[in-house]
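Using numbering that gives the first Met the number 0, the first residue of the sequence shown is number 0, and each one after it goes up by one. Here the structure comes first, spelled out in C-alpha cells, and everything after it is commentary.
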Amino acid sequence: MKFFGKGKKRTIKGFGLVRLVFRILLYMVITVFIFSVGSVLFLHAPNIEPAPYAPPIAPKMEGALRENSALRSVKLLAEGKLNGPEDIAVGNNGNVFTGLEDGRIVKISPDGEVVTFAETGGRPLGLQWGPRGDLIVADGGRGLLSVNLEGEVTVLVPRAETVPLEMADDLDVSSSGLIYFSDATGSEVGMDYYQDLMIHRPLGRLLRFDYYTDDLEVLLTGLYFANGVALSPDEDFVLVSETSEYRITRLWLKGPRVGDRDVFADNLPGFPDGISGDGDGNYWVAMVSPRMWFVDNIVLPNLWLRKLLMHLPTWTRLKGASYALIIQLNSEGEIVESLHDPSGKSLSGITNVVERDGKLYIGTLEGDAIGVYDRESGGF
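Next comes the structure, spelled out in C-alpha cells:
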C-alpha cells in the first residue's frame, strides 16, 4: 500500500504537468484562432459608430397598399441574358437600355436581342437621356458619365473631384440641361448599402451639374442613403429617395419656397429605390424590399446587434424579402396604387420603374431580365 501510494503520487504529478502544458498549448491555439478569425471579420468594418434609430410602425397593407398579384403577369425581356439590370432608359423603336453589374450598358431589342452598347469600367446604376441625345449615367464606380450614340464614354464628374463622389446612384435631367443626381453615401461606408443601413447616419447628398457650363454644386446633404431622383413635371421641385429612412425628401427649386427642404412621403411600406414620373403628375417608386418585422423591431433598434452585424462576413448578411412591390404616389406624396407579387418568382428586389406608352419597364438589383408590365392588360 505504501508503494502504491508513492507511485500514485508520482503519476498524479506527472499527469498534472502534462495537463498544464496541454492547457497552455490549447489556450495558445484558441488565442491564435480568435485573433485570426477576428482579423478576417473585423478588417473591413467601417470606422464609424452606428447612430440610434427606431423606425416608425410600418403602415398596414390595406387600402391602396392591399396585397395583390398584379406583377405575377409581368413578362420578362431578355430573360437569362442580363445580370443586375438596375435602371432603364427606353429609346426609339422600342429599344431598351440598361446598365449591368459587369460595367456594360446594353441595348435590348423588343424581341429580346442583347448587344453591348458601351462599357463604363464601373457600375452603371442610373440612366437618363441627355440634352443632345446622349445617355447620362450615374456610375457608382466612376461618377457621372455621358455616353454618345457610338457608345463612347465621357466622364462629366469623376469620383475624385473638387466635390468627391463616393457612389453616384441615380439622376434626372431638366429641360435646360441641369443634371440632378444622388451620391448615395459617404467614404466611411463606400459602395455598401448594407453597412450604410447598419450605421444609419445621413451620409448621402444630392448634387446638380450643368451640362453646358460644367458647374457643379451640392444641393442637399444629410440624406440617409440618397437613391432615386425625379423632377416634378414643372421642374419646380426635385425628389430624392432616402432608402435607409423609408422616405422621400423634396427640395423646392422654384417659387416662394425655393431652397426649402421637406418630406414628400414618409413611413413607406418598403425601402424606396428609384423614382420616376408617369407623365400625369404621379410618381412610380420601386421598393427594393418591403419592410421586414425582424429588421424594424429587432435589428435597427438595437445598437449592439447592428455593431455585431457590421463586422460579420458578407455571407451572413440579412437578405431582402423575395417580394415584388411598386407603389404610385400622387402629387401630394400619397400612395394611390400598388403592384405586388408576394411570391417574387418573376421579379424581386425592384430598383427602378419607367413608364412608356402604357407599359412599365422594371429593373432589379440582381435579376436576369427586364420586367415589362402592361397597365391595361398585364404583361406585354
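C-beta: ideal position from N, C-alpha, C; glycine also. Keep in mind that this is a model prediction, so the values were computed, not measured.
Using the beta-carbon count (16 or more within 10 Å), is residue i buried or exposed?
i, result
"residue 175", "exposed"
"residue 56", "exposed"
"residue 70", "buried"
"residue 359", "buried"
"residue 293", "exposed"
"residue 46", "exposed"
"residue 33", "In this prediction, residue 33 scores a pLDDT of 47, lower than 50, which makes its location untrustworthy; the coordinate-derived value is nonetheless stated afterwards. It counts as exposed."
"residue 363", "buried"
"residue 86", "buried"
"residue 322", "buried"
"residue 222", "buried"
"residue 366", "buried"
"residue 297", "exposed"
"residue 146", "buried"
"residue 92", "exposed"
"residue 38", "Bear in mind that a pLDDT of 48 at residue 38, under 50, signals an unreliable position, so the number given afterwards is only what the model happens to contain. Exposed."
"residue 348", "buried"
"residue 84", "buried"
"residue 156", "buried"
"residue 168", "buried"
"residue 317", "exposed"
"residue 244", "buried"
"residue 114", "exposed"
"residue 315", "exposed"
"residue 361", "buried"
"residue 267", "buried"
"residue 313", "exposed"
"residue 299", "buried"
"residue 307", "exposed"
Residue i and residue j: beta carbons closer than 8 Å?
i, j, result
"residue 291", "residue 324", "no"
"residue 320", "residue 274", "no"
"residue 369", "residue 77", "yes"
"residue 281", "residue 238", "no"
"residue 202", "residue 213", "no"
"residue 226", "residue 264", "no"
"residue 102", "residue 131", "no"
"residue 166", "residue 139", "yes"
"residue 154", "residue 142", "yes"
"residue 178", "residue 210", "yes"
"residue 250", "residue 206", "no"
"residue 242", "residue 261", "no"
"residue 224", "residue 180", "no"
"residue 73", "residue 342", "no"
"residue 135", "residue 164", "no"
"residue 144", "residue 119", "yes"
"residue 217", "residue 162", "yes"
"residue 357", "residue 333", "no"
"residue 150", "residue 116", "yes"
"residue 288", "residue 269", "yes"
"residue 309", "residue 197", "yes"
"residue 94", "residue 104", "no"
"residue 232", "residue 276", "yes"
When DSSP builds the beta bridges, which residues end up paired with residue i?
i, result
"residue 339", "324"
"residue 351", "362"
"residue 127", "135"
"residue 74", "371"
"residue 171", "179"
"residue 269", "289"
"residue 113", "107"
"residue 275", "283"
"residue 240", "247"
"residue 214", "Looking at the DSSP assignment, residue 214 forms no beta bridge with any residue, so it has no partner."
With a threshold of 7 Å (Cβ to nearest heavy atom), would residue i be considered close to the ligand FAD?
i, result
"residue 356", "The ligand FAD is not part of this structure, which contains no ligands at all."
Give the range of the alpha helix (DSSP H) segment to which residue i is assigned.
i, result
"residue 155", "Segment 152–157 is the beta strand (DSSP E) holding residue 155; no alpha helix (DSSP H) there."
"residue 47", "Where residue 47 is concerned, there is no enclosing alpha helix (DSSP H), given that its DSSP letter is neither H nor E."
"residue 200", "Run containing residue 200: none; DSSP gives neither H nor E here."
"residue 305", "302–310"
My understanding is that residue i touches residue j, with C-beta atoms under 8 Å, so please give their C-beta distance in whole angstroms.
i, j, result
"residue 112", "residue 339", "Contact doesn't hold; Cβ gap of about 30 Å is too wide."
"residue 200", "residue 50", "5 Å"
"residue 99", "residue 75", "Incorrect: roughly 16 Å between the Cβ atoms, too far for contact."
"residue 326", "residue 371", "Not a contact, Cβ separation roughly 19 Å."
"residue 354", "residue 278", "7 Å"
"residue 234", "residue 330", "The Cβ separation is near 14 Å, so there is no contact."
"residue 236", "residue 252", "6 Å"
Need the endpoints of the beta strand (DSSP E) that residue i sits in, please.
i, result
"residue 179", "177–182"
"residue 135", "134–138"
"residue 286", "282–289"
"residue 106", "103–107"
"residue 251", "246–251"
"residue 226", "225–230"
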